[in-house]
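One structure is given here, and the rest of the page talks about it.
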Amino acid sequence: MGIPIYYGEPPAQLRALMERLVFCTMPYGPGSYFSGKVNAGFVYTMNAPRKYYEDTLRPYLNNVENLFKLALHGEVRSYASCDTLQVNDYSLYDMSWFSESDKKQHRKEQFPADLKECFNMGAELAA
Ligand SMILES: Cc1cc2nc3c(=O)[nH]c(=O)nc-3n(C[C@H](O)[C@H](O)[C@H](O)COP(=O)(O)O)c2cc1C
C-alpha cells in the first residue's frame, strides 16, 4: 500500500480500511474469525525528512502496523520515502519553506534507491 502522510498522519482511507478490515476478523472475545495469513507492505511518502519520520511518526505507525499484523496474522513491513518532490516547479506555488534544488537533488540521488527498496520488499513479502 502506498500511504502519503497528510498533516502528520496517514490519510483517512487507511483508517477506513483498518477499521473495516480489522473489525471483521475480531470477535469481542478470544481468537479470530480469520484463519488465513496475509503479508502486507506499507510504503509511506512525505515531505518531511527521515529524522521526523523516525522520531515523530514511527510510534503512531507502529500501532497501525500492529493492528494489521493482529488481523491478518502475516508479516508487516514498511518503508518510508522521505523529503519527496511534491511538485515539479516550486515557483508556481507558495512553498517557500522548501528549496527546489535540494528537493530535486534528493529526488535524483535517493528516490531510485527508494524504488528499489520498495520493489525488493514487495517481492519478499509475496514470495
Ligand atoms: C493535504 C496534504 C497534507 C500534507 N501534509 C504533510 C505533512 O504533514 N507532512 C509531510 O511530511 N508531508 C505532507 N504532505 C506532503 C505529502 O506527504 C507528499 O507530497 C507525499 O510525498 C505524496 O503525497 P501526494 O501523492 O498526495 O503528493 C502533505 C500533502 C498534502 C496534499
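Taken in order, the sequence shown gives residues 70 to 196; the numbers are from this note's numbering. Where is the CB? At the ideal position from N, CA and C, for every residue including glycine. Quick caveat, the model's predicted, so the values are computed rather than measured.
Comparing the CB of T125 with every heavy atom of ligand 1, is any distance shorter than 7 Å?
Every heavy atom of ligand 1 is 7 Å or more from the Cβ of T125, so no.
Mind checking whether M115 and P73 have CB atoms under 8 Å apart?
Yes, these two residues count as a Cβ contact at 8 Å.
Between the alpha carbons of M70 and S160, how many angstroms are there, rounded?
Cα to Cα, M70 sits roughly 31 Å from S160.
Looking at the unbroken alpha helix (DSSP H) that takes in E186, where does it start and where does it end?
Per DSSP, E186 belongs to the alpha helix (DSSP H) from E169 to A195.
For chain B, check one thing: does any of its Cβ atoms lie closer than 8 Å to the Cβ of N108?
Here there is only one protein chain, and chain B is not present.
Does the distance from the CB of L194 to the CB of R146 come in under 8 Å?
In contact: L194 and R146 (Cβ atoms closer than 8 Å).
Near K172, what residues of its chain come up, given a Cβ to Cβ distance below 6 Å and the 5 sequence neighbours on each side ignored?
For K172, same chain residues with a beta-carbon under 6 Å away, outside a window of 5 residues either side, are L154 in chain order.
Other residues of its chain near K138: CB distance less than 6 Å, five sequence neighbours each side excluded:
V145.
Determine the contact status of N108 and G143, defining contact as a CB-CB distance below 8 Å.
Yes, these two residues count as a Cβ contact at 8 Å.
F188 and A140 closer than 8 Å at C-beta:
No, they are not a contact pair.
Give the single residue among A85, F167, H175 and Q174 whose Cα lies nearest to the Cα of L136.
Checked all of A85, F167, H175 and Q174; the closest Cα to L136 is A85.
If you draw a straight line from the alpha carbon of L184 to that of R127, how long is it in whole angstroms?
A direct Cα-to-Cα measurement between L184 and R127 gives close to 20 Å.
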